[in-house]
Amino acid sequence: MEPDYLATVLLSSVSSASILLIATIGLAVVFGLMGVINLAHGEFLMIGAYAALTATQRGLPFALAIPVAVVITMLIGACVEVLIIRRLYGRLFDTMLATWGLSMIFYQLAVLIFGTVTPGIGMPQFGITIGRYSLAGYPLLMIAVAALMLAFVYGLLTRTVYGMKARAAIQQPEIAQAIGIESARVNTMTFAIGCGLAGFAGAVLLPIVPATPAMGFAFVVKAFLAVVVAGPVALTGSALTAIGLGGGASLTASFLTSVAGDAVFFVATAALLWLFPLGISASWRRRM
Amino acid sequence: MTLSERTYTSAGWLFPAVATAAALAAATVVDPYLAYVATSWLIFGLLGLSLDIVWGRGGFLSLGQTAFYGLGGYVGGVVAINVAALGSLPLLWSLPAGALCGAIAAFALGAVIFLARMGPLQSTILSYTSTLLLWSVSQSFALTAGAATIGGDNGMSNIPGYAIWSRDPAETLGPAGVFAVVTIICAAVYFITRWLMTGTFGKVVDCIRIDIQKAELLGYDVRKYQIASFAYAGAVAGLAGAMFGAWSNYLNPSIFSVQEALLVPIYVLVGGLGTLAGAFVGAVAIGGLSFWLGGGAVGGQTTLVLGVVLVVLVLFLRNGILGTIGGIWAQRLPGRDAAAKEAGAVSIDTDVLERLLEDAARQFGPAKPLVTRDTFKRFGGVVSVNKVSRTFAPGQPFSLIGPNGAGKSSYLKTCIGIYPPDAGCISIGGADVSRAPIFARVRNGLGVKNQKPQVFGELSVFDNLWVAAFARTRRREAADRIADQILTMLGLQHQSGAAAATLSHGQQQWLDIGMVLCLAPRVVLLDEPAAGMTNAETRELSSLVRTLARHMTAVVVEHDMEFIRTLNGHVTVLHQGAVFAEGDIDALRQNDQVLDIYLGRRRHV
């Protein structure tokens, strides 16, 4: 096999793994710091996409539409945390059911407001060529975006007061409360950030994945699996599983078919869960 | 017993029987269109029932029930079409085929989830994934199987309807007839399920939900029960799917859709989780509501309404209709739990105990020694059990002592199988069990009482003992007898019917010990059994342990030195995961090094 082709395939696989990682980070933050699985995560992604779409349709440049999407999803996320999630702390499955119901509400609202078919926005036209092969530039840019998001979240959690409080609240909740950290407020912030990251993902991926009401379902199944396979050390673990599973699936897909790629993803997930029934990070010593 | 009490205890079959009769009577008079729509509610109720078995009773929130439902529907449809083409009665074949297919799919998924002992979150998400996977696969899945054609998005049409006499496919039943047939099938499945879930199988399933570790410590292979109940629920879901196909004469991939899957937990929650009948109540309530609102079977904004309903239910009405009614009714009955408050002191009758233990020895052979060789367990950088080699034999009680963090409980948990050892070997009566799961060690003669009292709080005191006795004997009569004997010995006869959760902490400790005795273990491990007991109770416990030690190997982890002194046995001191000293308690009390580590003095810390 010629090296040019191999390099092209590798690059595009890393790029689709990065796209999965972008969609996963918000979920991993919420799960890792609050122990909550937000089944409406995909719909926050969808809200972000529609927010960015609407903003560009109103004449805002795409680069400015992204922060709009983040702010909107963060606000909605904060409201959801205060109204629903907060009442269900410690009840993992009730939270899942409630956010599941929420995801249906968002979905149906999107159908009502935007209809089922919406125009996409054009992908920024730039690209690179490797030998005879040319690749679209925007998906490749997502590798950098994923890396930046990881760095951002890492910095947020280690370099800011909020981050220290959030980590304290997850590691020793009682001690954290005893020294005056108001965990409820920290959690609202965490959930809002998780939703904001989802909104960012929806917006930044808009040129690649057009906004539709159902985009959430299609998109987040793999994100859920990546987080669940990652286990308790959600951030590092999810970064690993998203890159590994997503990259593997996409490599398979480029050599065989996309169905084979999905099959590899699900089979690898089941195999990993078989080997690590509580997630791959269940016995790790680090906490982030 | 008053009429109200009698009705309350038989409510689970009385009211469903009345409802079945009422539905059959109504079938002849109601509007045919209503009968037609109401048939679908019953089928959805059956689907809800399958989730209630898994979730309400088994404790596993499966979001994959619609996967089994849809599979059952498709397979049932294919079978029905082909059977009809051959000129036989479709229902006779399609319903069992649907149920079988649902059972096989659930068995396969359940085997993966339960044999791997996945975490609850992992299990739920995996079940959700299988639904989503089927949804996406079915949209492009095209197949021609005999006379039947599955056309991806277009689905499968011409599924034969309900016909029970005529072999002519054109002569199917009218709406009222279909409603009656579906009512009878649903009632039959409900009563079979109820019989199963109130019987021995159901009791064990309940125990697994309440405390899976304790169920395994009684010697139940919990995975088999979990897989079996999951497969049974899959069969119920598959049956419901096949019935749905015959009702609508048409299936398409939307049967696997998220909206469809969302309905199932809603039915269960509206009716009342864990009540079995609640699934039907919920399905009829939701179906009736959307019918009344004018949406018919599938309304315009159903998704939106259902999403809101689910959120509201989870937030505010966790018990559902039947759960709330049952709760209010139970409060008005004379409390069966009241007896728990007026319990007397426990007194161990040594004669009864000796006889029980001799019985056990005759039946299960002599006491077995517990041997560990170089057992080693590490957590990250902390070595909790550092190459401990000990032989515990019957004759005298063995005590393990040591300061906090010495590794006593970790060592015990390694012997039990809660922690797999990293190296070394553990044997019970010569059989190597180092890698064996907990229940296999228990079947080998191990009996365990953990630090906290582990009782099945929702079950009655008698049932707690009975479940333990049944785990060993596998015969109901024998279990009845043994549970009765232990109950009498613990002095808990008057609390026999009270829920175990209503007992005091000390009584729960005794009940837990009683459950261990029901197992007639050949080796017994007790982790801080005297914690939370009064002085009088501690004295009883001491005499109990000494009696036990004459008939079996007995190992006690304790902090209470006075208690250990009264045991008058062999004492091992652990320090930093390793054996530090041993001998009798008086000698150890004179030992400066032991005092050093207990008091934190410099030399040996």
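So the sequences go chain by chain: Z and W. Position one of the first sequence corresponds to residue 47 (this note's numbering), numbered consecutively onward. Position one of the second sequence corresponds to residue 9 (this note's numbering), numbered consecutively onward. Even for Gly, the Cβ is constructed at its ideal location relative to N, Cα and C. Owing to the predicted nature of the structure, the values given are computational and were not obtained by experimental measurement.
DSSP bridge partner residues for residue i (one or two, in chain order)
| i | result |
| --- | --- |
| Arg381(W) | Cys433(W) |
| Phe246(Z) | Note: Phe246(Z) sits in no beta bridge, so no partner. |
| Asp153(W) | A quick correction: the sequence has Ala, not Asp, at residue 153(W). Ala153(W) pairs with Ala156(W). |
| Lys457(W) | Leu534(W) |
| Leu321(Z) | The partner list for Leu321(Z) (beta bridge, DSSP) is empty, contrary to what the question assumes. |
| Ile174(Z) | Leu181(Z) |
| Asp39(W) | Note: Asp39(W) sits in no beta bridge, so no partner. |
| Gly591(W) | Val579(W) |
Residue i to residue j span [Cα, whole Å]
| i | j | result |
| --- | --- | --- |
| Phe237(Z) | Gly94(Z) | 15 Å |
| Val190(W) | Thr47(W) | 7 Å |
| Glu366(W) | Ile51(W) | 55 Å |
| Ala19(W) | Leu330(W) | 11 Å |
| Glu548(W) | Met569(W) | 16 Å |
| Arg386(W) | Val279(Z) | 20 Å |
| Ala214(Z) | Leu55(W) | 44 Å |
| Val91(W) | Gln503(W) | 58 Å |
| Ser12(W) | His513(W) | 32 Å |
| Trp49(W) | Ala35(W) | 14 Å |
| Gly134(Z) | Leu325(W) | Checking the sequence, you will find Leu at residue 134(Z) rather than Gly. Computed Cα separation, rounded: 13 Å. |
| Gly292(Z) | Leu57(W) | 37 Å |
| Glu220(Z) | Glu127(Z) | 20 Å |
| Ala260(Z) | Ile121(W) | 28 Å |
| Met126(W) | Arg554(W) | 40 Å |
| Tyr606(W) | Asp535(W) | 19 Å |
| Leu57(Z) | Ile71(Z) | 21 Å |
| Ala31(W) | Val313(W) | 28 Å |
| Val531(W) | Glu485(W) | 25 Å |
| Arg178(Z) | Asp50(Z) | 8 Å |
| Leu134(W) | Gly88(Z) | 17 Å |
| Leu321(Z) | Met188(Z) | 31 Å |
| Met235(Z) | Ala124(Z) | 7 Å |
| Val272(W) | Gly334(W) | 22 Å |
| Ala316(Z) | Val83(W) | 25 Å |
| Ala98(Z) | Thr510(W) | 57 Å |
| Phe470(W) | Lys460(W) | 20 Å |
| Pro429(W) | Ala75(W) | 39 Å |
| Val306(W) | Asn327(W) | Confidence at Val306(W) is low in this model, with a pLDDT of 45, below 50, so the placement of that residue is unreliable and no value is reported for it. |
| Gly78(W) | Ser165(W) | 14 Å |
Nearest-angstrom Cβ-Cβ length linking residue i and residue j, presumed shorter than 8 Å
| i | j | result |
| --- | --- | --- |
| Gly81(W) | Ala250(W) | 6 Å |
| Phe160(Z) | Tyr208(Z) | Between Tyr208(Z) and Phe160(Z) the Cβ distance is about 34 Å, and since that is not below 8 Å, they are no contact. |
| Tyr240(W) | Ile61(W) | 7 Å |
| Ala285(Z) | Leu196(Z) | 6 Å |
| Thr171(W) | Thr157(W) | Note on identity: in this sequence residue 171(W) is Ala, with Thr being the wrong assignment. Not really, about 21 Å apart at Cβ, beyond 8 Å. |
| Ala222(Z) | Phe90(Z) | Rounded, the Cβ-Cβ distance is 26 Å, inconsistent with contact. |
| Arg451(W) | Arg217(W) | No, Arg451(W) and Arg217(W) are not in contact; Cβ-Cβ is about 22 Å, not under 8 Å. |
| Ala254(W) | Ser102(W) | 7 Å |
| Ser149(Z) | Gly262(Z) | 7 Å |
| Ala299(Z) | Gly307(Z) | 3 Å |
Status (buried if at least 16 other CB within 10 Å, exposed otherwise) for residue i
| i | result |
| --- | --- |
| Val37(W) | exposed |
| Gly183(Z) | exposed |
| Trp203(W) | exposed |
| Leu571(W) | Note on identity: in this sequence residue 571(W) is Phe, with Leu being the wrong assignment. Label assigned to Phe571(W): buried. |
| Arg104(Z) | exposed |
| Val613(W) | The predicted model places Val613(W) with a pLDDT of 48, which falls under 50 and marks its position as unreliable, so this point remains unresolved. |
| Phe246(Z) | buried |
| Gln598(W) | exposed |
| Ala88(W) | buried |
| Tyr41(W) | exposed |
| Leu318(Z) | buried |
| Asn472(W) | buried |
| Phe172(Z) | exposed |
| Tyr622(W) | Absent from the structure is residue 622(W), since the part of chain W shown begins at 9 and ends at 613. |
| Ser550(W) | buried |
Which runs of the beta strand (DSSP E), 3 residues or longer, sit entirely within the stretch 264 to 305 of chain Z? none
Start-end ranges of the beta strand (DSSP E) lying completely within the stretch 534 to 585 of chain W, minimum 3 residues: 561 to 565, 578 to 583
Whole runs of the alpha helix (DSSP H) within the stretch 356 to 432 of chain W, excluding any shorter than 4 residues: 358 to 372, 416 to 424
Mind pulling the alpha helix (DSSP H) runs of 4 or more residues that sit fully within the stretch 476 to 534 of chain W? 484 to 498, 513 to 526
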